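**Student:**
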Amino acid sequence: IRPYLSIRFGAFYLAEQLRLFDGSPAPALAAYNGGPGNALDWNALAGGEIDLLLTTITFEETQRYVQRIYSHYNIYRALYGAG
Numbered sequence: 022i023r024p025y026l027s028i029r030f031g032a033f034y035l036a037e038q039l040r041l042f043d044g045s046p047a048p049a050l051a052a053y054n055g056g057p058g059n060a061l062d063w064n065a066l067a068g069g070e071i072d073l074l075l076t077t078i079t080f081e082e083t084q085r086y087v088q089r090i091y092s093h094y095n096i097y098r099a100l101y102g103a104g
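For my numbering, add 21 to where a residue sits in the sequence shown, where the first one is 1.
1) Would you call the region 51-62 and the region 83-103 touching, i.e. three or more CB-CB distances under 8 angstroms?
2) Measuring CB to CB, does alanine 47 end up less than 8 angstroms from leucine 74?
3) Quick one: which unbroken alpha helix (DSSP H) runs of 4-plus residues sit fully inside the region 58-86? Chain order, please.
4) What residue range does the alpha helix (DSSP H) around alanine 32 cover?
5) Let me know if phenylalanine 33 comes out buried or exposed under the rule of 16 or more other beta-carbons within 10 Å of its beta-carbon.
6) Have a look at arginine 23 and leucine 100 and give me their C-alpha separation to the nearest angstrom.
7) Checking 8 angstroms against the spacing of the C-beta atoms, do threonine 77 and leucine 61 come in under that value?
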């Protein structure tokens, strides 16, 4: 496997998930890790509320993934701004 291709594909796929969720990173991360169909269901159950999203995710791995990456995302935003 060529890492540069994996990185490019991963970035493309995440961008697609961000478009699906109108730029909202938490459900996009859930879609990236747990599948877009599942994330659409989870996000609908949460009423689009990011704080509730983690409680609706039924995959433990995806819960941890979203929590970890979204936390890092918020740290970067605090340090460097929204960009």
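We put the beta carbon where it would ideally sit given N, CA and C, even for glycine. From a predicted model like this one, the values you see are computed outputs, not experimental measurements.
**Tutor:** With the given structure in hand:
1) yes
2) yes
3) 71-77
4) 24-41
5) exposed
6) 32 angstroms
7) no
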